[in-house]
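**Q**
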Amino acid sequence: MTEPVTPPLPGGGDWLRLHPATPLLKGGIALIAVIGFVLANVRERLLEMFVGGPDSGDLFDELNRRGHLGWAIAIVVAGLVLGVVAFYLSWRMHTYRINDEAVEVRSGILFRTHRQARLDRIQGIAITRPFIARLFGAARLELSVAGQDAKVQLAYLRGSDVDRLRHDILLLASARRAEEGVAPLVAPNGVAGSADAVGPDSIIGRRVTEFLAPELDPQEASAESVVRISPLRLAGSLLASGGTLFVLVIAIVLIIIAASGREVGFVFLLVPAFIGGAGYYVRKVTRSLRFSIAATPDGVRVGYGLLTTSNDTLPPGRIHAIEVYQPLLWRPFDWWAIRINRAGHASSGSGSQPATTMLPVGTRADVDKVLGLLLPGLASADTRHLIVAGMVSSGPTPGFAVDFVPAPRRGRWLRPFSWRRTGYALAGDAVLLRKGLVWRQLVAVPAARIQSLRIEQGPLSRALDLCTLALDTVAGPVSATLSVLDRAGSITAFDAISRAATAAGALEDGSRGSHAAARGRVGSSDPHPQPPEGER
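Here it is, written out as structure tokens:
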């Protein structure tokens, strides 16, 4: 059998440059806008500065009449030249390269910086295509690495090449070997491709194709693994949110006050708040449209956005906790949402839509698909009843050998409404926590990702012989804690979960060791075979 070989490094491992439009996209457009604003608002001051008198007509005519036009043009041209030279030097000095150990980025003219993202520390790769950047055929690639403030950003790259570059980086990072060589992504001169330089018609056609193309290429994932959200359901979920209800209550109160004829001057103070709220909903809709999540050869890919598009790829083993939750107003529609904790999470670069949201709103069938993508062990027939019970049931589920361990009846003194839904279960290689009555929650934590376990007991809990069980993972929106549990049962759960976490970690370490040995046999060096930081 032919052993797989290491794919060629993008660009041959040489230092490469970013998209030629990078200086304009990173500050040139804003600088032009600021200069235009300043010139439009300080025209009179400029006249006084250059001609020594009040505004007496057109600026250029006045400068020409006084003989200062040549100097003024020279100053403007010199400023433009200096700006162009500064932007050009910034682009020339901003380079990156990919070797068999890390992705490196060097930048700066006077003060140089050198950032590295080690391949064995990469937790995910996000690609963002801002609206203006899409006009130039550019995109931003961001690598998230385990650790605080450890992100490495490549802004901007050619949009036609950025997906291939992500694939190559993840291929190197996961030590996968292609059966045949992969062609270099970047041209030998260090600039990725030159296909745009084939005439304006081709450029315009390519830009139109990119704008109209689906966010997820159908060839990257099978149709049955893709989960999408309809615009109607997305709009309905926003209208049925608690924020919308609050806005409606405030609006009704203001209408009643206005109809009563009382002083309503304070209403004008709320106008900016209403404008900000409307902007939030607009951004939420535009950034969640075209949402998709699917399994690709590189990992689980999440994409979204209408004008500014973003997609994030999570390699296997980067998810530390999953929460399936349902707000009260979504219950009549049986809608659910999913969010996760992940190590070194890459921001989407588009603001309100965080990279930890795996499903903004979906049906129960969508939840099944997404859980199967995130934790395949939860998609088996043996754990199906536990997922359903964790989402909608209260109390025991008769007829199954494995069920949730419930909270004792005395827990109703501290949780009068939700104590019957409180419980935990061991489902294969994951720990399930069920809680919440008004806001239903089901938390799943992979056993191999548990960093520590805690049992806490306050004065009231001690009096009732209750305690709180906490599973510590990386920071994120998911809280893996469960209160009002029986103290003796929590100690038993503590031991069982500890053994499961130890066994899962040992199995994963053994798999990594075997994989590292295989890498050594094919001639690839791995000087850092220990588990990535933030994953244990």
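If you read the sequence shown in my numbering, its first letter stands for residue 1337, the second for the next number, and so on.
All residues carry an ideal CB built from backbone N, CA and C; glycine is no exception.
(1) Which of the three DSSP states, helix, strand or coil, is assigned to I1674?
(2) Among the candidates R1667, V1417, A1783, L1707, whose CA atom is the shortest distance from the CA of S1573?
(3) Between the C-alpha atoms of T1449 and V1441, what's the straight-line distance to the nearest angstrom?
(4) How should E1478 be labelled, buried or exposed, when 16 other C-beta atoms within 10 angstroms of its C-beta is the threshold for buried?
(5) For a test of the three-state rule: what should DSSP assign to V1738, helix, strand or coil?
(6) Return the Cβ separation of S1729 and L1665 in integer angstroms, given the expectation that the two are a contact with Cβ distance under 8 Å.
(7) On the DSSP bridge assignment, give the partners of Y1661 in chain order.
(8) Could you give the residue range of the beta strand (DSSP E) that holds G1495?
(9) Is the beta carbon of L1778 closer than 7 Å to that of V1660?
(10) Tell me whether the beta-carbon of L1650 lies closer than 7 Å to the beta-carbon of G1635.
(11) Determine the DSSP secondary structure at C1449, reduced to helix, strand or coil.
(12) Using a Cβ-Cβ distance cut-off of 7 Å, determine whether S1754 contacts chain D.
(13) If R1751 sits next to V1820, beta carbons under 8 Å apart, how far is it from one beta carbon to the other, in whole angstroms?
(14) Is DSSP giving E1792 helix, strand or coil here?
(15) Report, in whole angstroms, the separation of the C-beta atoms of S1468 and L1361, which I expect to be a contact under 8 Å.
(16) Use the C-beta contact count for E1792: other C-beta atoms within 10 angstroms, 16 or more gives buried, fewer gives exposed.
(17) Helix, strand or coil for K1771 per DSSP?
(18) What residues in its chain sit with their C-beta under 6 Å from that of A1657, if we drop five residues either side in the sequence?
(19) On the criterion of 16 or more Cβ atoms from any shown chain inside 10 Å, does A1474 qualify as buried, or is it exposed?
(20) Excluding five sequence neighbours on each side, which residues of the same chain lie with their C-beta closer than 8 Å to the C-beta of I1827?
(21) When burial is assigned at 16 or more other CB atoms within 10 Å of the CB, is V1618 buried or exposed?
**A** So, to answer that:
(1) strand
(2) R1667
(3) 8 Å
(4) buried
(5) coil
(6) With 8 Å as the limit, S1729 and L1665 do not qualify as a contact, their Cβ atoms being about 20 Å apart.
(7) A1673, Q1777
(8) Note, G1495: premise wrong, no beta strand (DSSP E); alpha helix (DSSP H) at 1495-1509.
(9) yes
(10) yes
(11) For the sequence presented, residue 1449 should be read as Thr rather than Cys. Residue state, collapsed to three classes: strand.
(12) As a matter of chain content, chain D is missing from the structure shown, which is built from one protein chain.
(13) 5 Å
(14) strand
(15) Reading off the sequence, residue 1468 comes out as Ile, not Ser. Yes, I1468 and L1361 are in contact; Cβ-Cβ is about 7 Å, under 8 Å.
(16) exposed
(17) strand
(18) N1677, V1781, T1809, V1814, A1816
(19) buried
(20) I1791
(21) exposed
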